[in-house]
Structure formats: C-alpha cells, structure tokens
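Under the numbering used here, the sequence shown has 134 at position 106, and the numbering climbs by one with no breaks.
Just so you know, even glycine gets a beta-carbon here, dropped at the ideal spot from N, CA and C.
To start, the structure itself, in structure tokens.
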Amino acid sequence: LHHMSVRKETHDDNLLHNSSSSGDVDTLQQVLNSGRVRIDCCDSEGTTALMLASAQGHFCCVRILVEAGADVNIRRKSGTTALFFAAEEGHLEIACFLLQSGFDVVTNGGMALFIAAQGNYITIVKTFLEVGCDPNYSMSDGSHSLFVAAQNGHLEVVKILLQNGADDGATPLWISCQMGHASIVRELLLWGANVDEARKDGATPLFKASHKGHTAVVEELLEFDPCLGLLANGETALHAACLFGHQEIAKMLIRAGADVQLPNQVRKKTIVNCISWCFGVCQRARVLLIYASVGQKYKLSIFIIRSVAGETPLQLAEQLGYDSIINLLSKFIQPAKTVSKETIL
C-alpha cells in the first residue's frame, strides 16, 4: 500500500488511522465522537484515514469517515487519492461510494483509471469511464492507461479503453509486440495503429517481435503488410530473427517476401550475422539453414561468405570448436570452390 504510515502526532490521531486501517468500526466511531481529532489529519506523505480504509477495503469505515466529513479529494504528495487506493485493490463498492460522495473525476480521476487498468479490474474501468475519467490521462512518466493495459496483456481492458477514445500513438502496439501479446496486437491494428511506427532507435513493432521471438505476434503483424526492408536502425526484421536464432520467424518473413541477401548497414549479409552471433550462444546457428524450404521460393543452397576478418562460417566454427555446427556446415559446403568477401555462390 505504498508504505503508508499510521503513526501520527497525537494518540487520538494514531487511533483514528489504526482503526481505519484495521477496520475497527467501534474504535473509529469512538475517536470521531470524542471531537479530539481532525478527520483529515495525515502523515508526512499526506496519507489520511480515508485512504487507509479505502486501501484495506473496509467499506463501513469509509462510509463513517465520509459521513463525518472526510475530504474524498485529498491527495498524497504522490498525487494518489482514496479512490486510487480503492481501485488499486479492486474494491468496487468503495470506489462507487467515493464517486457518489463528490469525488472530482476531472481533476483526480485519470490516475485512478490508470491503476484500475493496470490491475485488470474491468468493472471498475468501465465505471470510471462512465463517470468521465480521462482515458488519455498521462502519468508522470508519460504512460497512459492503454499502455499499461497493453503491457500487461489485459485484452478486455484494452478493448474498453479503445471504445472510449483512448489513443496513445504507437506505444501500446510496440509494448504489446515486445511482450508477446498477439491478441492485443491484432486489436490495436484493427483500430488503426500504424504497423510501421518506429521508436527513436528505428525499431518497428515487427523488428521487436522478430527480435524477441514472438511467432504469433509476427504472424499478426504480417497480415497488415509491414515493411520488410531496411529500417532506420540499419537492420531488417529478418536480421533480428537470424541474430537471435528464431528459425520459424525467419521462415515466415521469407515467405512474406523478406530479402535474404539484403545487407544491413555494416554490409554483412543476413546469414553471416546469424552465424557470427549464434556461434556464441548455442546450436541455434541452425537458423542459417533457412535455405528456402520456404515454399520453394529459393533453391536449396548454402552461402560461402567471408567475414570481415576473412573467415568463412566453417572456419570460424572450427576455431571455436563447435563440432555440431562444423558437421552441419560441412554437409552443404563444396570445398572445391572458394569465393571472395561478400560474394554469393
């Protein structure tokens, strides 16, 4: 509960906060009847008794405090309110009561909606939107409710937010691709998200999904005709798939028309990148044999390409002692032929 303190300056203040936090209705009523406490007294972070009761789900205490004059709109230093804490823990009854008790949704509702979306509390999200909480409220770090719902894979919340005008640019699509939430990726694309929207580093949703190995996400993205060519970051999605050994994704990209011979920005071929990276990982270098069993699009062959250091993949494998890869490469290399750097047989 965000380290909310219950220690106050006076004994009665402590009783007020402790009873609200624990749900001790009798003690709470006695303290309030004594007239010796300020009902909205708070700790150094701005925590009130109403916030504590709301966070812990003690509806009776919440009602007693509100009826006794507790301010439902007080915010902690962090900006959080009693409604925020009720929403964070999924306390629907308390959330509705606070809304009915004069809570200012225009000023304070956006943050509560964000935390409800993060927690996948569908009914609370619907309720907040119905009373006017801003679906495009931006948190201090710039994130929106749609982003956090997409990040956590909350499909129904994403749908509800989209239906209510949520719009956070390409960020939700990008994070969904990174996290592997294929159904959310599809939903966002159907609502008009730009399939090729890139981050500042030039990476597109397809590039990130290919890098992470999210096959189902790549499949969804390919239905919306993404760019398969060179991106602003100097790479392609096929480079990303090969670099990290994602064979099925590489096959899918080739079927969709990715150019297996398109060099990246540093003039290394896709297959060379795959080998040089995967050698240091494990036998995933088998991805280099995406030799076009892909729909008969390419002739079965293997590329003999010299690296920047003048070494072929086979020579590099021999130096590193990867016996299984040596055996694999040897089956496809014809030793009688040699080629110079960047030449393809």
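Judged by DSSP in its simplified three-state form, ALA286 adopts coil rather than helix or strand. Distance from CYS161 to GLY137 at the Cβ level is roughly 3 Å; contact confirmed, criterion being Cβ atoms closer than 8 Å. Approximately 4 Å separates the beta-carbon atoms of CYS205 and ALA237; this is inside 8 Å, confirming the contact. A direct Cα-to-Cα measurement between LEU258 and HIS239 gives close to 15 Å. Excluding residues up to 5 positions away in sequence, GLY51 lie with their Cβ nearer than 6 Å to the Cβ of HIS86 in the same chain. C-alpha of ALA114 to C-alpha of ILE122: approximately 6 Å in a straight line. Taking C-beta atoms as the reference points, ALA110 and LEU78 count as a pair closer than 8 Å. GLY170 is not a Cβ neighbour of HIS209, given a cutoff of 8 Å. Remark: C-beta atoms of PRO233 and LEU266 do not approach each other more closely than 8 Å. When secondary structure is reduced to three states using DSSP, LYS228 falls in the coil class, being assigned neither helix nor strand.
Within the stretch 161-198, the complete alpha helix (DSSP H) runs of at least 4 residues fall at 173-179 and 183-191. A direct Cα-Cα distance of roughly 9 Å separates ALA194 from VAL186. One alpha carbon belongs to ILE92, the other to GLU248, and they sit about 52 Å apart. By the C-beta density criterion, ARG64 is exposed, having fewer than 16 other C-beta atoms within 10 angstroms. Contact annotation: ALA140 and PHE112 have beta-carbon atoms nearer than 8 Å. Distance check between GLY230 and each of HIS39, ALA268 and ASN261 places ASN261 closest, using alpha-carbon atoms only. Here DSSP, grouped into helix, strand and coil, assigns TRP202 to helix. Secondary structure at LYS279: helix, using DSSP grouped into helix, strand and coil. With respect to the 8 Å criterion, LEU183 and THR151 are not classified as neighbours on the basis of their beta carbons.
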